[in-house]
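So the first sequence is numbered by our numbering: it starts at -14 and just counts up by one.
Reviewing the structure listed below.
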Amino acid sequence: MLTAEFINTLFEAELPEPSHWESYYPQRNLPPGAIVTRFGPSPTGFLHTGGVYVATLGKNLAHHSGGSYFIRIEDTDQAREVPGSREQFARAFKYFDIESDENDSNSKWGPYEQSNRAPLYHTYARELLRNGHAYLCFCTREELAQMTEKQLAAKVQTGYYGSWARCRNLSQAEVMNRLEAAKTYTIRFRSPNGPPTRVAYVDLIRGPIEQQDNVNDIVLLKSSDQSPRLPTYHFAHAVDDPLMRVTLVLRGEEWISSVPVHLQLFKALGFELIPYAHIAPLMKFDGASRRKLSKRKDNEADVDFYIRSGYPAGAVLHYLRGLANSRFAEMTFEESASSALSLSECGVAGPIFDLVKLESISREFIAQLSTEEALKSLLTWARDYDPELAEKLSRNLPLARRIFANERQPGVGQRKDLAKWEEFRPAYGLYFPELFPLISDPSDSRFAPVKPDMVVKLAKDFADSYRHEEDKEAWFEQIRRLAAVHGFAPTAGQYKKNPENFAGSISHVSNAIRIALTGLRQSPELFLVAHNIGEEELLRRVRALTRSEASRSV
RNA sequence: GGCGCAUUGGUGUAGUUGGUUAACACGCUGCCCUCUCAAGGCAGAGAUCACGGGUUCGAGUCCCGUAUGCGCUACCA
């Protein structure tokens, strides 16, 4: 056992006592049942889609219970910190509406970055040292690695326990000797380490869980040669969550195995237990098997993927809520955004994160936006990711509005062409003359099966007799006449019944014109195209084909 | 290896004290509509409820075992 005087020399002299912190962080004044929960991302890379999943669940639970949701940056592994992560986090939090209710300037329960909380951890590490629940360990990483190898070879449990825990019972004299030899040390938890026992607790999602109790003397404070000396996740969790007055620990399922450690730490620290809810991770198919959505392998695991591609946050969040509580998948976007999620409805198996499903939800989402909402969302995206498009849109807002309004006519079935804003340009760029490459080659493969000479004939006749009719039917009648003149069936139905009687279907003719006008095999109806680009531009596009023929025959 | 979690059609789930042909949504296929693609309408395929035992008159639902997948077993979180 180390003396109190000696323990004090290991820490800053003015380090507060636990009682100081416990009154410094009062209970929150919240209604009964209010949930206070936190999201704790580590700045070791981009924010993971699974993080948004957990965070949005937590924020929803907190807000619907009259509680509070906050983000605590868990940056205790400074070696693995990736520069720029925090900036990316901030952008992603904002985009997905999971920003923290609390921060260092509006709340007294901070700081909200663990690297700024070192004194807290030190106070409690010292306390555990004083009451014998912790000790100094001088084992080097090399020694620990060798030990693990031996354990593996001997087929015994790996870890720092029992007779393997060499520093567990060092005398104060031995400890002082090593300190004088300038050895670095960690502070380890002195686990109960008795005969194997079972431990049980209730998970709010899974119900009762029972497992073997922990016997490992896990590290509490990392190596003494670091500054500041930071805790491991386990210790940070056991200090921060009680003191930040969290009432629900919501985290990934990978933490289930660590609960026995956490329970022991809470007990040793004298804190009341906080209910746990472990969320099943988002999964993905890899061939025939499924695995956790991985930062390294899957670009849809990176939330920047959605921001960059222009998936509206509302669509992604709706999908994520549906994965958490399937009831939400059946709701309208509005209902799902305003309803309370529940832990008991969360599935226990990891759901497959299916990009195809997301795309379809996103299509629905964009389709139900009003013209103004859609335009605003598109412009916001384009300013960052397609400045050229943003510029063209801003210079012709009436046209931009018309494009969305065309697809949103009341009473008419709603088109669902766009799943993400990066699809806007390929689908609708054709409306902007500056973004449209003229098609002048009649043998372009997009015209198939209509032959090049027929393409030219159709283009020439169409342009020569073109009238910019204001009525949809009257306008399309031109195409029908054009088809009839060249032996094509005037309706698709007639061609279908007797294909042998015709040179082709009306659809061949309309598609030839479609390609000339839009360059696309799929486009909005031609009448709309004609009126959105205007007569002059229409004729310019169609005549590009006839000119090409003229120059070729010279 | 040890420990833990999971397993209902392609996907997400429902199936709350065991009780008739396992339900819903999305997806998929075909047809209709149709100038293309969507949207819409109609019809359809698709699950021996992971596998094997057991309890029971009767099990997706309870019990045991097995398999498979995932996770933890770090001075990573």
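Backbone N, C-alpha and C fix where the C-beta goes; we use that ideal spot for every residue, glycine too.
Here the structure is a predicted model, which means the values were calculated and not measured.
Segment limits, alpha helix (DSSP H) that includes Val435 = Run containing Val435: none; DSSP gives neither H nor E here.
ask   = Does the beta-carbon distance from Arg111 to Phe(-4) come in below 8 Å?
value = Yes. Within cutoff.
key: Terminal residues of the alpha helix (DSSP H) in which Leu254 lies   = Where Leu254 is concerned, the enclosing alpha helix (DSSP H) stretches over 244 to 254.
inquiry  = Counting C-beta neighbours from all protein chains within 10 Å, is the total for Ile337 16 or more, i.e. buried, or is it exposed?
reply    = Exposed, since its Cβ has fewer than 16 Cβ neighbours within 10 Å.
ask   = Among Glu128, Ile190, Met132, Leu121, which residue has its Cα nearest to the Cα of Arg163?
value = With distances taken between Cα atoms, Arg163 lies closest to Leu121.
key: Buried or exposed by the 16-neighbour rule on C-beta atoms within 10 Å, applied to Ser138   = Checking the sequence shown, residue 138 turns out to be Ala, not Ser. Ala138 sits exposed, since fewer than 16 C-beta atoms from the chains shown fall within 10 Å of its C-beta.
Selected residue, minimal CA-CA separation from Asp60, among Ala103, Ala265, Ala262, Asp446 = Closest by C-alpha distance to Asp60, out of Ala103, Ala265, Ala262, Asp446, is Ala103.
Whole-angstrom distance between Arg393 and Val539, CA atom to CA atom = Low confidence applies to Val539: its pLDDT is 38, below 50, so where it sits in the model is not reliable, and the reading given next is rough at best. When rounded, the distance between both Cα atoms is 47 Å.
task = Label Ala477 either buried or exposed according to how many other C-beta atoms from any shown protein chain fall within 10 Å of its C-beta, with 16 as the threshold for buried.
result = Result: exposed.
ask   = Which runs of the beta strand (DSSP E) spanning at least 3 residues fall entirely within the region 40 to 88, listed in chain order?
value = Complete beta strand (DSSP E) runs here, min 3: 53 to 56.
Cβ distance (whole Å) where Asn199 is taken to contact Val246 below 8 Å = The beta-carbon distance between Asn199 and Val246, rounded to whole angstroms, is 5 Å. This is short enough to meet the 8 Å contact definition.
inquiry  = Per the DSSP calculation, Arg276 is bridged to which residue(s)?
reply    = DSSP output for Arg276 lists Lys269 as bridge partner(s).
query = Can you pull the DSSP bridge partners for Cys152?
reply = DSSP, once it has assigned bridges, lists no residue as partnering Cys152.
query = Looking only at its own chain, which residues have a Cβ that is under 6 Å from the Cβ of Leu250, when we skip the five neighbours before and after it?
reply = Taken in chain order, the residues that qualify are Ala223.
key: Pro418 versus Asp456, Val494, Leu374, Asp402, residue with shortest Cα-Cα distance   = Among Asp456, Val494, Leu374, Asp402, the Cα nearest to that of Pro418 belongs to Leu374.
query = Nearest CA to the CA of Lys442: which residue from Tyr416, Val494, Phe409?
reply = A check of alpha carbon separations from Lys442 across Tyr416, Val494, Phe409 identifies Val494 as the nearest.
inquiry  = Extract the residue ranges of the beta strand (DSSP E) inside the region 271 to 343, only unbroken runs of 3 or more that lie entirely within it.
reply    = Here the runs fully enclosed are 274 to 277.
query = Among Arg410, Glu319, Ala488, Thr108, which one has its Cα closest to the Cα of Pro434?
reply = Looking at the Cα atoms, Ala488 is the closest of the given residues.
message = Let's see if you can read the secondary structure: which residues bound the alpha helix (DSSP H) around Glu358?
response = 356 to 370 is the extent of the alpha helix (DSSP H) around Glu358.
query = What separation, rounded to the nearest whole angstrom, lies between the Cα atoms of Ala535 and Phe461?
reply = Only weak support is given to the placement of Ala535: the predicted model assigns it a pLDDT of 49, under 50, and the value that follows is read from those uncertain coordinates. So the alpha carbons of these two residues sit roughly 27 Å apart.
message = So, for Gly307: in the same chain, excluding its five sequence neighbours on each side, which residues have a beta-carbon less than 6 Å away from its beta-carbon?
response = Cβ neighbours of Gly307 beyond the five flanking positions: Phe313, Ala314.
query = Taking the Cβ atom as the reference point for each residue, do Gly299 and Pro266 lie within a distance shorter than 8 Å?
reply = Cβ atoms of Gly299 and Pro266: not closer than 8 Å.
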